[in-house]
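With the first letter of the sequence shown counted as 1, position 378 gets the number 378 in our numbering; the numbers rise by one all the way through.
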Amino acid sequence: MPDLNDATRGRILYGADYNPEQWPESVWHDDIRLMREAGVTTVTVGVFSWAMLEPRPGAREFDWLDRVLDLLHQGGIEVCLATPTASPPPWMGARHPETLPRDETGGVVWYGSRNQFCASSPVYRDYALRITEDLADRYGGHPALRMWHVGNEYGTHCWCDTTAAHFRRWLRAKYGRLDALNEAWGTAFWSQRYDSWEEIIPPRRAQYLGNPAQALDFRRFTSDALLECFTAERDALAARTPHIPVTTNFMPLFIGQDGWAWAAEEDVVSVDVYPDPKDPHGGAYGAMIHDLTRSQAGGPWVLMEQAAGPVNWRGVNHPKPHGLMRLWSLQAVARGADGVCFFQWRQSRQGSEKFHSGMVPHSGEHSRTYRQVRELGAALRELGGATGTDVPARAAILHDWHAWWASVQDGRPSSRLHYEQVLRAWHQALWERNLTTDFAHPHADLADYALIAVPHLYLLTDEALENLAGYVRGGGTLVCGFFTGVADEDDRVRPGGVDQRLRDILGLRTVHEWWPLDEGETVTAESPWLGPFTGTLWSEDLETATAERVARIKGGELDGLPAVTRNAYGDGTAWYVSTLPEPAALRALLGRAADEAGVSPPLPGIPEGVEAVLRGDLLFLLNHGRSPAVVPLPSARTDLLTGRAYDTQVRLDRFAVVALAPL
Ligand code: GLA
């Protein structure tokens, strides 16, 4: 199986989506000159070229793409060639309206934008496969080709009749008998019992609350249906070019795809990351996406898209202050990226993304942005030796799309509880303590981790519960967040409200009631270990069995009840956190659990705002703060980016990065 090393061959991939079809050919030569000057190694071509390649059904216009690929090759630029199947041409929707998705109300999602395809449509799939096969036949032997990029950000939804029939096939394969489906979906409730498979439809708009188990299965099905589109194209490519790795770019922490299942089908895992430059926690957010993507990949991965400056899809779109683009790019490398790419190479002059930045902005090559692009290219050249190396982590956060899907239903204790918000808060707390964190599936082998954090997994399968029990029994440290282990994989509430196995691990007798908190509402907790702190979002009427009380709630209806507990279980330790502690308290709590578990940052004495992460034998230090910081060094090292040697300390200006190699 080909992998990322086949594309990088010892260099960090540096480039962008390149859309030459938007420009006259005279500009292409200029593009290649500027790419070379910037140190661009690889560009992704053809992502949205379907209507140019197949202007009418079955026609093929490849000449322009031949010229583009030849020019790139002559310029020494390699190509990640995209299948154009994210955006069917208008003729497909006009001639085959059944390829157009329908929303929950049955309304048509028209062409005129992009992504207007029904993943279950055999007509769409057939056209997509044929253009993919023809691209592979034509360019599979092209010397510029290094990687395939299938589609773009898979994530469409459809509720049409073709989808309904496909959903029924999927359900039959899963349940076999209709009785089993009725049982799993709890259709005894509200007279929802199905008498024949034909009655079953996707969860379309209904009078009142829908069936949550049906909604959960529909999310599973939708992810699988899209994955079938991806694997069909991947197989066509792999059959023709078994030596060329295949990827598709994920959206960051995107709810619509089971990212574990998808990553397992890719040769290279890649993701698009767009933190808001104004977000003071943008660095933490980026780190979380990097850690998740590295974990999905099981090693190096590719940052397939980021913005050189502003995006155009936030209410107000902020440029990146000088140095931030470099900082966030090198952060990705520090956390395992072997590729740093952008959307897009040259900023468009037309279309709905003309105010989205590019590596070459409207203001051209004599611009601040392009200058920084060139500087980044030079920096990445120095880091080629890092490709293929690992980012060691002794802590992991458990994450599962199925639990996320189950948690987004209506009719739950609090509509204010958002899975990704809790995940982000916990990851940020670990990141701020410079504890490098992987993500892991709840069924994964956890033996190599000294600390496991479960911020919030509403749904835990039997296998996951046994896995956690085995992990803690064997000496592991678990820190478990609220409203976890409540449902089984059919979204059926576990006997007792929280699974008995989890309560045993945590040393809890019972959770009498959930006490979710309103906007602006807090609980106050006190703890000899953690000091006083407030919690938001959630609280619980909790009764312990064997667990000690680390923090108690002070005041209010739950006065005196445990907020944080700690339990000895087998050879290990299990903590429970029944609220969302304010950031400093969550940091202290996870830091304490990590200390006890023997998990420590890569070096002591790192000042606030500085990220320290090890990749292979390189120590990256990244200053996310707005003022200079000084980091003490235990031993002398050399910065690969500048060649400068440091003995006892490094001074980092705002947004500065060093990549320190042992002497
Ligand atoms: C996504 C898409 C790109 C582009 C960017 C804009 O990541 O994949 O085609 O639309 O967003 O930020």
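All residues carry an ideal CB built from backbone N, CA and C; glycine is no exception. Bear in mind the structure is a predicted one, so any value in this text is a computation, not a measurement.
Take residue i and list the residues in its own chain whose beta-carbon comes closer than 8 Å to its own, dropping the five residues that flank it on each side.
i    : result
G411 : L209 and P212
L614 : V391, P392, T436, P602 and F620
R654 : G323, N623, G625, R626, S627 and P628
G351 : Q22
D179 : none
Which whole-angstrom value describes the C-beta separation of residue i and residue j, a residue pair presumed to lie in contact below a C-beta threshold of 8 Å?
i    : j    : result
D488 : T461 : 7 Å
P277 : P321 : 7 Å
V27  : V79  : In fact, because the Cβ distance is near 18 Å, the residues do not count as touching under 8 Å.
G256 : G155 : 4 Å
L506 : A547 : 6 Å
L417 : L537 : 6 Å
A395 : L451 : 4 Å
Select from the options the residue whose C-alpha is nearest the C-alpha of residue i.
i    : options                   : result
V45  : Q74, F482 and L81         : L81
I606 : D617, P634, L506 and G616 : P634
T544 : D103, Y646, G140 and V577 : V577
N115 : D134, H157 and H96        : H157
E198 : T162, T231, Y569 and P122 : T162
R314 : A337, G298, Q331 and E353 : E353
M304 : G141, V630, Q296 and V269 : V269
L380 : L423, W426, S329 and A584 : S329
A447 : A334, H427, W426 and V472 : V472
P583 : P604, A636, L423 and P97  : L423
G475 : Q500, P202 and A568       : A568
W91  : G616, V610 and P55        : P55
I32  : H427, A337 and E365       : E365
D134 : P252, W50, N152 and I201  : W50
W301 : N312, I289, A307 and V311 : I289
A574 : A59, I201, P581 and V550  : V550
N19  : P280, I12, L4 and L53     : L53
E596 : V479, L640 and F218       : V479
Got a sec? Which residues, its chain only, sit under 7 Å from residue i by beta carbon, not counting five neighbours each side?
i    : result
R587 : A429, E432 and R433
R9   : none
V40  : Y14, G15, I77 and G377
E37  : R374
R501 : L465 and A469
G555 : T524
R664 : Nothing in the structure corresponds to residue 664, since the chain is present only between 1 and 663.
Under 6 Å Cβ to Cβ from residue i, same chain only, skipping five residues before and after it: list those, please.
i    : result
V523 : G535, S539, I553 and T579
L682 : The structure shown does not extend to residue 682, since the chain is modelled only from 1 through 663, so no value can be given for it.
G309 : P319, K320, S357 and T369
D6   : P245
W185 : N211, A213 and Q214
H243 : P2
L237 : A136, W148 and V246
F343 : D17 and E305
G591 : R433
In terms of residues, what are the limits of the beta strand (DSSP E) holding residue i?
i    : result
Y18  : L13 to Y18
V479 : T477 to G481
F221 : No beta strand (DSSP E) contains F221, which is instead part of the alpha helix (DSSP H) from P212 to R240.
W575 : G572 to V577
T44  : T42 to V45
W667 : Any answer about residue 667 is impossible in this case: the structure gives the chain only from 1 up to 663.
A440 : T437 to A440
Y569 : P562 to Y569
Across which residues does DSSP place residue i in a beta bridge pair?
i    : result
L303 : V271 and V340
A453 : I397 and V479
P602 : Bridge partners of P602: none, in fact.
E198 : DSSP, once it has assigned bridges, lists no residue as partnering E198.
F620 : V613 and A659
K554 : T524
D639 : L660
R651 : V630
L542 : V511
R549 : T565
N249 : S270
Could you pull the start and end residues of the alpha helix (DSSP H) that residue i belongs to?
i    : result
G93  : P90 to R95
H290 : G282 to A297
P632 : Element bounds for P632: not the alpha helix (DSSP H) but the beta strand (DSSP E), A629 to P632.
M35  : E25 to A38
E375 : R368 to E382
H166 : D161 to Y175
E463 : D462 to R473
R592 : P583 to A597
Checking contacts by CB at 8 Å: is residue i closer than that to chain C?
i    : result
S527 : Among the chains in the structure shown there is no chain C, since it carries only a single protein chain.
Could you tell me whether any non-hydrogen atom of the ligand SAM is closer than 7 Å to the CB of residue i?
i   : result
E21 : No copy of the ligand SAM occurs in the structure displayed; its ligands are the ligand GLA alone.
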